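Just so you know, we're using my numbering here: the sequence shown kicks off at 961 and counts up by one. Idealized CB from N, CA, C, for every residue including glycine. Note that the structure is predicted; figures quoted are calculated from it, not measured. This report concerns only the one structure given below.
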Amino acid sequence: MSLPADEAAPAALRERLAYLETVLASAAVILLATDREGRIALAGEAARSVLGLSPEELRGRPLEEVFADPDEVRALVRRALAGERLVECDLDARVVGGGLVPLSLSLAPFESPSGGVAGIVAAANENRRHKEMERELKRRSITDDLTGLYNQMHFYELLETEKERSDRLEHDLSLLLFDLDGFKEYNDRHGHVAGDRVLQKVGAFLMESVRKEVDSSFRYGGDEFAILCPGMNETAAVRFADRIRVGIKNLGVPGIGVSIGVCEYSNHDRTIQLVKEADRAMYRAKREGGDRVSAAGGAPAGPENKPRRRKTTARTRRVKP
């Protein structure tokens, strides 16, 4: 953004204008200066990234046009022009293309060299409290309250994402689907509070057992759980599932075990097909007596079945046999 400058202006003035231009271009918050009529005379570069408007596009506009509630902005401007040193408010600003962004706005008057209020300076940044609230609402919408794991809705969202990544990058992807053996009997005998504690124990164990920032663990529903394992083929996933099986058995809850179904994603499989195959494998494990792992493709847990080599990324690193 370039400020208008008179070539005949003294060097000191040109230097001050250049300094002001640098400040406006570098400020992380939206900076706006208006005249006494509330029209924007100067604007900082931050407005471009937040509002979608360049400083040149903002210049000459009434300040209230930037916001969703022009009446409230006009009232704030009047207070600042009347000499109130600092006027603060949380407001929604309009974004190019539609939509609103919550901003925290501060207004203050500034004086002309000859004295008297010449206009106002406005500073605005994205409302942190609102953003934190949005993040918390998002977290709650994808998280199971009891276990702290992701919920079933987010399971299907992430499964679609991981399938697309697997197709694009040609890396492996496996799904573990399992439920707790003996949980209904335990719940009936000890009550729902004790049953909830078991589910919480399992949730905490899964969060500690998966690869950080690679795998994702979910409470699929009731006493059913799921783990998505990018970069892991069926053979490696069976071995990982067996570690999960042993770990849950070692949680020290009498009568509780786990039956795990494993299915590797084949390119372009439908989501429902992948889940069905893992579900069938899980119920096969239960029919065979429970406390075991069953793979949809029949991969054994032994090291003799080497994983096939495929392209991987740093995020979806391969589990070594």
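Going by DSSP in three states, residue i sits in which element: helix, strand or coil?
i       : result
Pro1214 : coil
Thr1103 : strand
Arg999  : strand
Ala988  : coil
Ala1256 : coil
Pro1267 : Unreliable positioning characterises Pro1267 in this predicted model, as indicated by a pLDDT of 39, which lies under 50. The coordinate reading is nonetheless provided below. It is coil, neither helix nor strand.
Tyr979  : helix
Would you say residue i and residue j are within 8 Å of each other, going by their C-beta atoms?
i       : j       : result
Leu1063 : Ala1053 : yes
Arg1021 : Ile1000 : yes
Ile1216 : Asp1104 : no
Glu1194 : Val1222 : yes
Leu1051 : Val1033 : yes
Lys1161 : Val1198 : no
Pro1190 : Val1170 : no
Glu1024 : Pro1015 : no
Leu1018 : Leu1067 : no
Ile1102 : Met1093 : no
Pro1005 : Leu984  : The amino acid at residue 1005 is misidentified as Pro; the sequence shows Glu. Their beta carbons are under 8 Å apart, which means Glu1005 touches Leu984 by this criterion.
Leu1065 : Glu1044 : no
Glu1224 : Asp1132 : yes
Please report the Cβ distance between residue i and residue j, rounded to the nearest whole angstrom; I am assuming they are in contact, meaning their Cβ atoms lie under 8 Å.
i       : j       : result
Val1056 : Leu1013 : 6 Å
Leu1002 : Ala993  : 4 Å
Asp1202 : Val1153 : Between Val1153 and Asp1202 the Cβ distance is about 31 Å, and since that is not below 8 Å, they are no contact.
Asp1251 : Lys1209 : 7 Å
Ser1220 : Arg1205 : Residue identity differs from the one stated: residue 1220 is Ile in this sequence, not Ser. Right, their Cβ atoms sit about 6 Å apart.
Ala1256 : Ala1245 : Their Cβ separation, rounded to whole angstroms, is 11 Å, which puts Ala1256 and Ala1245 out of contact at 8 Å.
Val1010 : Glu1086 : 7 Å
Leu1211 : Phe1165 : 6 Å
Segments assigned alpha helix (DSSP H), at least 4 residues, entirely inside the segment 1169 to 1253: 1194 to 1209 and 1231 to 1247
Ordered list of alpha helix (DSSP H) runs contained in the segment 1024 to 1101, each at least 4 residues: 1030 to 1041
Are the segment 1032 to 1049 and the segment 1064 to 1084 touching, with three or more C-beta to C-beta distances below 8 Å? yes
Say whether the segment 1134 to 1143 touches the segment 1186 to 1202, bearing in mind that this needs 3 or more beta-carbon pairs closer than 8 Å, one atom from each stretch. yes
Inside the segment 1119 to 1158 only - alpha helix (DSSP H) runs reaching at least 4 residues: 1143 to 1150
Whether or not the segment 1154 to 1169 and the segment 1228 to 1242 are in contact is what I'm after, with contact meaning three or more pairs of Cβ atoms, one per stretch, closer than 8 Å; do they touch? no
Given 8 Å as the limit, is there contact between the segment 1163 to 1182 and the segment 1091 to 1111, that is, 3 or more CB pairs closer than that? yes
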